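Notes for the one structure printed next.
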Amino acid sequence: MIIPATVVLLLTLFYPIVNTIIISFFDKKLFYPSFSTFVGLSNYKEILSNEEFWSAFKITIYFTIVSVFLEFVIGLFTAILLNQNFKLRGFLRTLVILPWAIPTVVNGVLWQWIFDSNYGSLNGLLYQLGLIHNYVNWLGKPFMALNMVIIADVWKNCWFFTIVLLGALQTIPKNYYDAAKVDGAGFWNRLFNVTLPLLRPAIVVSLVLRTSEAFKVFDIIYIMTKGGPANGTQVLSYYVYHTSFEAMQLGKGAALSTIIAIIILLIALVYIKSLMREEVEINA
Amino acid sequence: MKKVLILLFIITSLMIFSTTTIRVISSDDFAAFRQEAIKRFEELYPDIKVELLSVGYNQLYQKIITTLAVDPSAFDVIDVDCIWTPEFATLGLLEPVDNRLTEDMKNNILESAMNIMRYNGKTYGLPMFNDVLFFYYNEDLLKKAGIRRPPATWDEFVAFSKILQDKGLVKYGSVWGWAQAEGLICYYTLLLGSFGGQYFDENENPVFNTGGGLKALEWMVDSIYNYKVVDPSSINSDDRAMLHAIANGDAAFGFNWSFAWQIFNDPDQSSQVNKIKVALVPTGVPGIVSNTSSGSMGLAITKGSKNKEAAWKFISFLASREEQRRQSIEYGAMPIWEDLYNDKEILTHHPEFSEMVNQLYYVTDRPSLVKYQEFSRILQIYIQKALTRQMTPKEALDKAAEEVNKLLGK
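Protein chains in written order, with this note's numbering: chain P, 752 to 1035; chain U, -7 to 402.
Right, here's the structure in full:
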């Protein structure tokens, strides 16, 4: 009975991956797929010597590091908060899922309007509070646009960490904290010496997931800025999309995808190596 | 009972098989008009059903290319922008229609309109309207500022904008669609021509980084940062998003396509109904009366279509004089038939028609290249770099010219 399962796995998992890697060695075009010639590593050479690739790489790294960091910190602290006992806890725990449940496309349009330079609510709010004297064009400058997209993405995704970490927090027995308090440990001490070590498996899983998702970000960029202004928000996935479907160079697109996959694999390995040490033991 | 059911089944399947369904994909600019036209078409041809898929212009190219790459018969009729004809024809997506054209069509449709559907001696469909960027101005706001006529030169444009801004009537004189999209190249073409520039010289070398082409980009950058008469949000607004500001009376001047006229006069979408008029696009050089960029689109039959007869019937219906007249009167489009330009009905019902016709004499087309998409993208990115002040206009255009040379294999 293992054979059918293996066949399905091979077809759905390995075939597309292997096929992509094979295509990356040809100069396949979207419109004449049968007329492709073998070009060896030249797709890879062209990409790695292309300024646009490195720009997209830098932007993606920045996006990933900043958004995952913010999401993790906000997620962790809201999880700790929601782990406390207070009246509206159940209601808030449910509310927290809402942003995460919104389709990314809807989230993108929502924030696009909030950041609109003439009719957006962010400008309206800051102006009425007297914090700005002129409306700001939030999505008009390359670096600022990138940061605004990060805000939109963080708002939607930090609750992923909240939910995962909250679940893990609830498995930590309360008497560990009591013991720590008896030993005189304050909030930060308890956080770094009790909570985080015990959360390690959950943190690794959620970080690996979110980091690889952030690295592959595409839809929110497509909706909010389309890679602009002046390519300032063009992340690697958008660059692959442009290469494969707008410039119609499937061979180069496949090479790019392979490069991205290797990078994500490396990131995952780094996380797992550095965070997954031996089972942590707390001596009570 | 069984016999009745079998009979019913046979009758319904016969009915289904005797109707042809054609699938049309088009830009959503004239979607409302096309929906109504489809109803009239289906009344005329009861055995043809039309399924219309309306897509935003900026998604249209992608959708067509990726869908047809997988299934060449997925669409029977596609909307083709004038800049896509060389590429689509070369990729083998379009069915030549030279043997279907009537004498009337060959002789009486405007040459400039028919040309957008021609490549390498073959005709690939019919143009649907004759479109250029028009200069829309808010007459009411100008009157309130004491300005008696719209600006005729870019210097006057800047001066009048400042007057309107100083009097607190608008935040910025004008808003444009300079986002990193195809529209940006249309605006750049409008300005390049009005400053006497060209894209390529006789030897097909790029020269847009000199003369009028350079002046155009310098004007764009100055208008935002030095003269301060253009809303900085223009940098990330495309040519559809910028319409809000004009329709709300927040800007007095705007340059847009013929479909915008209907939006400005629709009480559901605009607070400036009947206040917006059309004038000739201002000029930058004394010898040039005006200049604008063309942007006509047409409908073509796909090579892979299984219903070419029905598809042609649909295309020629929309191109017919009655439908063209309706499109002009109700939606502000410019017709493709030469004789309709003297049509009494259109002249009486579309108040800005004669002004718009004047603009058609002063047009620059964007370059006709098979690799147009890549060319446009290179230019868009570098123009944006200049607009966001990451490079000077000269640096940006020089680099763009360098890459265009590489692209075209020079």
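Cβ coordinates follow ideal geometry from the N, Cα and C atoms, glycine included. All values reported here derive from a predicted model rather than from experimental measurement.
- Checking the DSSP bridge columns, you'll see U/Asp73 partnered with U/Met289.
- Here the alpha carbon of U/Asp223 sits roughly 32 Å from the alpha carbon of U/Asp71.
- In the pairwise beta carbon analysis, the segment 995 to 1004 of chain P is classified as touching the segment 776 to 793 of chain P: at least three pairs are separated by under 8 Å.
- Against chain P, the CB of U/Ala244 has no partner CB under 8 Å away; the residue lies outside that interface.
- In this structure, the CA atom of U/Tyr129 is about 10 Å from the CA atom of U/Arg141.
- By the C-beta density criterion, U/Gly246 is buried, having at least 16 other C-beta atoms within 10 angstroms.
- Contacts with chain P at 8 Å (Cβ-Cβ) do not include U/Thr94.
- Taking 8 Å as the threshold, the shortest C-beta distance from P/Lys892 to chain U falls below it.
- Closer than 8 Å to the CB of U/Lys377 there is at least one CB belonging to chain P.
- DSSP places U/Val42 inside the beta strand (DSSP E), whose first and last residues are Ile40 to Val47.
- For P/Arg961, the uninterrupted alpha helix (DSSP H) run begins and ends at Leu947 to Phe966, by DSSP.
- DSSP, reduced to helix, strand and coil, places U/Gly113 outside both helices and strands of the structure shown, so it counts as coil.
- Shown here, U/Trp253 sits in a helix according to DSSP, grouped into three states.
- For the C-beta of P/Glu997, the chain U residues within less than 9 Å are, from N- to C-terminus, Tyr53, Gln54, Ile57, Gln365, Glu366 and Arg369.
- Looking at the DSSP output, U/Phe245 sits in a beta bridge with U/Tyr129 and U/Ser166.
- For the pair U/Lys207 and U/Phe187, the Cα-to-Cα distance works out to about 7 Å.
- Close partners of U/Ser225 in chain P (Cβ separation under 7 Å): Ser868, Asn869, Asn888 and Gly891.
- The beta carbon of U/Asp390 sits closer than 7 Å to the beta carbons of Asn201 from its chain, once the five residues preceding and following it are set aside; these are given in chain order.
- For P/Ile974, the enclosing alpha helix (DSSP H) covers residues Asp970 to Met975.
- Below 8 Å, enough C-beta pairs join the segment 34 to 53 of chain U and the segment 13 to 21 of chain U to call them touching: three or more.
- P/Pro850 and P/Trp910 have their C-alpha atoms spaced approximately 8 Å apart.
- In its chain, beyond the 5 residues on either side, Val42 and Leu44 have a beta carbon closer than 7 Å to the beta carbon of U/Ile30.
- Against P/Gly978, the close residues of chain U are Gln172, in the order they occur along the chain (beta-carbon pairs closer than 8 Å).
- Of all residues in the segment 250 to 275 of chain U, none comes within less than 9 Å of chain P when Cβ atoms are compared.
- In this chain, U/Val270 is not harboured by any alpha helix (DSSP H); it is covered by the beta strand (DSSP E) spanning Ile268 to Ala271.
- Segment contact: the segment 804 to 814 of chain P against the segment 954 to 962 of chain P, fewer than three CB-CB distances shorter than 8 Å; contact not assigned.
- The segment 138 to 155 of chain U makes contact with the segment 212 to 229 of chain U, as at least three CB pairs between them are under 8 Å.
- Residue contact check for U/Ile338 against chain P: no CB pair falls below 8 Å.
- For U/Tyr353, the closest C-alpha among the options U/Glu196, U/Thr115, U/Asn283 and U/Ile238 is that of U/Asn283.
- Put simply, the backbone Cα of P/Ile954 is about 17 Å away from that of P/Val817.
- Boundaries of the beta strand (DSSP E) around U/Ile14: Thr12 to Ser19.
- Take the alpha-carbon of U/Val362 and the one of U/Ala81: they are about 9 Å apart.
- When the five nearest sequence neighbours on each side are left out, the beta carbons in the same chain lying within less than 6 Å of the beta carbon of P/Ile1015 are those of Ser963 and Phe966, in order along the chain.
- The beta carbon of U/Gly205 sits closer than 6 Å to the beta carbons of Leu184 and Gly189 from its chain, once the five residues preceding and following it are set aside; these are given in chain order.
- Here U/Arg313 is near U/Trp329, since their CB atoms are less than 8 Å apart.
- The three-state secondary structure of P/Val887, taken from DSSP, is coil.
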